[in-house]
Amino acid sequence: AQSVAQPEDQVNVAEGNPLTVKCTYSVSGNPYLFWYVQYPNRGLQFLLKYITGDNLVKGSYGFEAEFNKSQTSFHLKKPSALVSDSALYFCAVRDNNAGKSTFGDGTTLTVKP
Amino acid sequence: EPEVTQTPSHQVTQMGQEVILRCVPISNHLYFYWYRQILGQKVEFLVSFYNNEISEKSEIFDDQFSVERPDGSNFTLKIRSTKLEDSAMYFCASNGNGGEEETQYFGPGTRLLVL
Chain X
1 AQSVAQPEDQ
11 VNVAEGNPLT
21 VKCTYSVSGN
31 PYLFWYVQYP
41 NRGLQFLLKY
51 ITGDNLVKGS
61 YGFEAEFNKS
71 QTSFHLKKPS
81 ALVSDSALYF
91 CAVRDNNAGK
101 STFGDGTTLT
111 VKP
Chain R
1001 EPEVTQTPSH
1011 QVTQMGQEVI
1021 LRCVPISNHL
1031 YFYWYRQILG
1041 QKVEFLVSFY
1051 NNEISEKSEI
1061 FDDQFSVERP
1071 DGSNFTLKIR
1081 STKLEDSAMY
1091 FCASNGNGGE
1101 EETQYFGPGT
1111 RLLVL
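Those sequence lines, one after another, are chains X and R. Going letter by letter, the first sequence gives residues 1 to 113 in the numbering used here. Going letter by letter, the second sequence gives residues 1001 to 1115 in the numbering used here.
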């Protein structure tokens, strides 16, 4: 069975400050890890993924995430937050290319001016 | 950029009625999925579909649900007799094989309200 934990329901940061949204996972095989963002009343928008290769992956809108196998973590980061980054962020894991995604509960990011 | 599309964007129905939610996955993708998100809750897997058959389904996906790929482009989710608790946002997703195709792309969703 696979699972994802996003330990923080809410993350608040000031604009211009760095942000981190945490994610840990559990999967039986090699993990396929994803971050998605959801704006109000909208769908899930892909941000970035880790399948293999460099542990630090870069994605859309200046976001990046670091895969840490020993800690089974895949935290989302951005060096300088924008108010427009305020949204609901989901971490997801799969254990193969054909498999279902299992999502975390989501973390609401609020960036204040 | 290719995208997954879904219709309708909103659907209101009476309890007990049948609904069909439609999706057009990205054209060269091979794996298709339905997920749902009850308001304010997490995204839950319903079913995956590959090579014209269901490859996996969750316990949510009971006999009231069915999926079909009636032609080369559409992928549908049918709820035979809707219940109040079926009210949710339903997302279709698809992915292919290798490289960028491994990313599971999601459609904009259909918001279903059962009265």
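Backbone N, C-alpha and C fix where the C-beta goes; we use that ideal spot for every residue, glycine too.
- request: Consult DSSP for R/L1084 and reduce its assignment to one of helix, strand or coil.
  value: Assignment of R/L1084 by DSSP, reduced to helix, strand and coil, places it in the helix class.
field: R/F1045 at chain X interface by Cβ criterion, 8 angstroms
entry: With its beta carbon less than 8 angstroms from one in chain X, R/F1045 belongs to the interface.
query: Counting pairs of Cβ atoms below 8 angstroms between the stretch 100-112 of chain X and the stretch 1002-1013 of chain R, do you hit three or more?
result: Taking 8 angstroms as the limit for Cβ pairs, the verdict is that the stretch 1002-1013 of chain R does not touch the stretch 100-112 of chain X.
field: Within chain R, the residues that X/T102 reaches when beta carbons sit closer than 8 angstroms
entry: Residues of chain R whose Cβ lies closer than 8 angstroms to the Cβ of X/T102 are, in chain order, F1045.
message: Beta-carbon within less than 8 angstroms of R/P1070's beta-carbon, same chain only, minus the 5 sequence neighbours each way: which residues are those?
response: Within the same chain, R/P1070 has close Cβ partners T1076.
query: With contact counted as at least three CB pairs below 8 angstroms, one residue from each stretch, are the stretch 1035-1044 of chain R and the stretch 1080-1089 of chain R in contact?
result: Taking a contact to require three or more Cβ pairs closer than 8 angstroms, the stretch 1035-1044 of chain R and the stretch 1080-1089 of chain R qualify as touching.
query: Is the stretch 27-35 of chain X touching the stretch 47-55 of chain X in the sense that three or more CB pairs, one from each, lie closer than 8 angstroms?
result: Yes: at least three Cβ pairs fall under 8 angstroms.
One or two residues paired with X/A81 in a DSSP bridge: None; X/A81 has no bridge partner.
query: Which whole-angstrom value is the C-beta distance of R/H1029 and R/G1096, which I expect to be below 8 angstroms?
result: Indeed they touch by this definition, with Cβ atoms about 5 angstroms apart.
- prompt: Going along the chain, which residues of its own chain have a beta-carbon closer than 7 angstroms to the beta-carbon of X/A87, five neighbours each way excluded?
  reply: Beyond the five residues adjoining it in sequence on each side, X/A87 comes within less than 7 angstroms, by CB distance, of V37, Q38, Y39, L109 in the same chain, given in chain order.
field: Distance, X/G29 Cα to X/P7 Cα
entry: Near 23 angstroms, if we compare the C-alpha coordinates of X/G29 and X/P7.
task: Please name the residue, chosen from X/E66, X/L82, X/V83, that lies closest to X/L76 on a Cα-to-Cα basis.
output: Taking only the C-alpha atoms, the option nearest X/L76 is X/E66.
- prompt: Per DSSP, R/C1092 is paired with what?
  reply: Note: R/C1092 sits in a beta bridge opposite R/W1034.
- request: Find the residues of chain R that neighbour X/K49, judging by a C-beta separation of less than 7 angstroms, and give them in chain order.
  value: For X/K49, the chain R residues whose C-beta falls within less than 7 angstroms of its own C-beta are T1103, listed in chain order.
- request: Could you pull out every unbroken beta strand (DSSP E) segment of at least 3 residues lying fully inside the stretch 4-66 of chain X, listed in chain order?
  value: As far as the stretch 4-66 of chain X is concerned, its whole beta strand (DSSP E) runs of at least 3 residues are 10-14, 19-21, 24-26, 32-38, 44-50, 56-58.
- request: Put R/E1101 into one of helix, strand or coil per three-state DSSP.
  value: Looking at R/E1101 - three-state DSSP - the assignment turns out to be helix.
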